[in-house]
Ligand SMILES: Cc1cc2nc3c(=O)[nH]c(=O)nc-3n(C[C@H](O)[C@H](O)[C@H](O)COP(=O)(O)OP(=O)(O)OC[C@H]3O[C@@H](n4cnc5c(N)ncnc54)[C@H](O)[C@@H]3O)c2cc1C
């Protein structure tokens, strides 16, 4: 049984956040790329959890093969990381994401999954922590004519298909799909495994198989971006925080409650 | 000729007779339809929210197109995608605007993929001009904004995020006319629900008062201090992601990008640093209070009142102050 995991590299969102807070985020000349050189590049955390979900299936069933594919210009490190975690095959789809939109990326990944033998399950992270779009898995599902189940915290084999637990805002929802499917994984799955030192060493020698996008038979129109990202900026925050200071803890608490009553944020009189 | 129409899409019946974020959707739709010189229509898949025709009328919606096929009830991903794609297939060039919700996150990009058109999620602002569409979307959990551009007059699909700008007031009166549309919902659903999610207690989205705790509480046992204040205020307990991940509290209480987006009257954040991914879930609160031991914590940039100190002391003190007065 073949499980394909789609993964890509992102800038460490915590580091980006810190630069934003310090007012030091640098945008490149193109007006849209974040260029601070010291921001680490990582595998998108949700994609790492998607890989963890695939490896758990493999832990339970030796016949499961886990192939990881990454589209991007610089995917070598994350693919080695995937190999160290336990992926069987690592594949680099050598397209430049700069000239593609999410729709084209989804079609390319779908075409590769289809042309490389298909899959019983395609796992993706629920969204990338940079653009937060979550569009690629949907396009991929449509390209393969497979059903899409989003925001899962557990995936298990059930009959000819999958039993998936979705982490909804109202709690867990269990769904069944009786065929191959695309499933997106959320952080509720739990922490991904940490590669052992010896697996890391072995993975260092692995090289990803390169897939040329031109080999996938998509037309120029299918790859033409429908939408183009034009800029990145940092929004202004309109805070006007009034600090409640001085006095004992109880006096501060009383001062806060008085302000909240005055603003009608809490009911007046007895609460 | 390409359609200049703007189609609002609702797939949930929401609350109080209106689908999620209906007001902002209507206001944005009105602005875009005016800019494009097209009709504004509202496509409803499944149950018709009772107050929708009135709201739609007040924003000059030409018609509410209601598709009520049996297959659109319950989990209906396939049916909704098929129905919306067939509706838009007859309106090449239209702009589809959906409210972004947990469910529409799964449906909206599939509609775009089915139509072969572009899609942008998390949109906070958009404008149409002679050459296409310009939009702004939240990225990095709200830390940054990305500008996007659709060129030309192809069909476009966008989902309005939660912190969308208010595009303007209602200008008209009366109910929008209701038209029943029959759309091809396609083959039977491939995904079936085995066990529905059940919420116990009030939902964060509906809460008027939320007291939320984060890692600054230091220990799961201290969550009781948050609960006590929430009870004193008649509110609900919220949480940041790390304490959910650590199993202190159920994930249904998580506030933020990957939890609930809340709009309470009062939100008190205790021991929460103010990461953008948390703040997108609470900055729509009318009054935001932060308690943090670190005077430079990011949370203070976006709150109304700040208390610098130990939340383990301040939370019980506030509970006492509420009870005493
Ligand atoms: C893609 C993505 C999605 C995410 N989605 C979410 C989401 O939906 N919701 C969410 O919350 N997070 C989310 N996160 C995580 C988010 O980035 C932060 O890591 C998280 O919100 C931090 O939680 P925290 O504030 O509780 O913990 P910390 O960041 O560790 O902050 C703890 C705070 O407590 C303060 N403190 C310590 N001791 C005390 C004390 N005694 N009294 C008072 N204050 C004290 C500290 O000064 C600090 O500010 C997401 C992250 C990513 C990358």
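Residue numbers (this note's numbering), protein chains in the order written: chain A, 1 to 271; chain B, 1 to 325.
Glycine included, every Cβ here is placed at the ideal spot set by N, Cα and C.
Computed from a predicted structure; not experimentally measured.
Quiz item: Which of helix, strand or coil does DSSP assign to residue 9 of chain A?
Solution: In the displayed model, residue 9 of chain A falls within a strand according to three-state DSSP.
Quiz item: Three-state secondary structure (DSSP) at residue 34 of chain A?
Solution: Looking at residue 34 of chain A - three-state DSSP - the assignment turns out to be strand.
Exercise. Using a Cβ-Cβ cut-off of 8 angstroms, state whether residue 39 of chain A counts as contacting chain B.
Key: By this cut-off, residue 39 of chain A is not an interface position.
Quiz item: Could you give the distance in angstroms between the alpha-carbon of residue 161 of chain A and the alpha-carbon of residue 176 of chain A?
Solution: Answer to the nearest angstrom: the Cα atoms are 7 angstroms apart.
Exercise. Determine the chain A residues that contact residue 105 of chain B at a beta-carbon separation under 7 angstroms, and present them in chain order.
Key: Result: 134 and 150.
Exercise. Note the first and the last residue of the continuous alpha helix (DSSP H) segment covering residue 54 of chain B.
Key: Note, residue 54 of chain B: alpha helix (DSSP H), 52–58.
Self-check item: Closer than 8 angstroms to chain B by CB, residue 266 of chain A
Solution: Yes - at least one Cβ of chain B is within 8 angstroms of the one on residue 266 of chain A.
Quiz item: Could you give the distance in angstroms between the alpha-carbon of residue 309 of chain B and the alpha-carbon of residue 297 of chain B?
Solution: Looking at the two C-alpha atoms, the distance is approximately 11 angstroms.
Quiz prompt | Closer than 5 angstroms to ligand 1: residues, by C-beta to nearest heavy atom, in chain order | solution = This selection yields A:13, A:129, B:214, B:215, B:216, B:240, B:241, B:242, B:256, B:257, B:258, B:259, B:271, B:272, B:273, B:275, B:277, B:278, B:292, B:293, B:294, B:297, B:310 and B:311.
Quiz item: From which residue to which residue does the beta strand (DSSP E) around residue 64 of chain A run?
Solution: Under the DSSP assignment, residue 64 of chain A falls outside any beta strand (DSSP E); it carries neither an H nor an E label.
Quiz item: If you count every other CB in all the chains shown that lies within 10 Å of the CB of residue 257 of chain B, and 16 or more means buried, which is it?
Solution: Flag for residue 257 of chain B reads buried.
Quiz item: How many Å lie between residue 206 of chain A and residue 194 of chain A at the Cα?
Solution: Distance from the CA of residue 206 of chain A to the CA of residue 194 of chain A, rounded to the nearest whole angstrom, comes to 18 angstroms.
Quiz prompt | Simplified DSSP state of residue 49 of chain A, which is helix, strand or coil | solution = If DSSP states are grouped into helix, strand and coil, residue 49 of chain A belongs with the helices.
Exercise. Give the single residue among A:260, A:144 and A:229 whose Cα lies nearest to the Cα of residue 242 of chain A.
Key: Minimum Cα distance to residue 242 of chain A is reached at A:260.
Quiz prompt | The alpha helix (DSSP H) enclosing residue 87 of chain B, as first and last residue numbers | solution = The continuous alpha helix (DSSP H) containing residue 87 of chain B extends over residues 77–89.
Quiz item: What residues from chain E crowd round residue 165 of chain B, counting only those whose CB sits closer than 9 angstroms?
Solution: Annotation note: the requested chain E is absent from the structure, which comprises protein chains A and B.
Quiz item: Using a C-beta to C-beta distance shorter than 8 angstroms, which residues of chain B count as neighbours of residue 91 of chain A?
Solution: What residue 91 of chain A touches in chain B: nothing, since even the nearest Cβ is about 22 angstroms away.
Practice problem: Please state whether DSSP places residue 269 of chain A in a helix, a strand or coil. | Solution: With a pLDDT of 47 at residue 269 of chain A, under the threshold of 50, the predicted position of this residue should be treated as unreliable, though the coordinate-derived value follows. DSSP places residue 269 of chain A in coil when its eight states are reduced to three.
Quiz item: Applying the criterion that 16 or more other CB atoms from any shown protein chain within 10 Å of the CB defines a buried residue, is residue 277 of chain A buried or exposed?
Solution: What is shown of chain A runs 1 to 271, which leaves residue 277 of chain A out entirely.
Self-check item: Per-residue contacts from residue 37 of chain B into chain A (C-beta, under 8 angstroms)
Solution: Scanning chain A for C-beta atoms nearer than 8 angstroms to the C-beta of residue 37 of chain B yields nothing, as the closest lies near 22 angstroms away.
Practice problem: Could you give the DSSP three-state label for residue 300 of chain B: helix, strand or coil? | Solution: Taken through DSSP and simplified to helix, strand or coil, residue 300 of chain B comes out as helix.
Quiz item: If you follow the beta strand (DSSP E) that residue 32 of chain B is part of, which residue opens it and which one closes it?
Solution: Not the beta strand (DSSP E): residue 32 of chain B falls in the alpha helix (DSSP H), residues 22–36.
Quiz item: What residues match up with residue 243 of chain A in a beta bridge as DSSP calls it?
Solution: BP columns for residue 243 of chain A point to B:306.
Quiz item: In terms of alpha-carbon separation, which member of B:273, B:72, B:245 and B:218 lies closest to residue 312 of chain B?
Solution: Residue 312 of chain B has its Cα closest to that of B:218, out of B:273, B:72, B:245 and B:218.
Practice problem: Tell me whether residue 95 of chain B sits in a helix, a strand or coil according to DSSP, three-state version. | Solution: The answer is strand: DSSP assigns residue 95 of chain B an E or B state.
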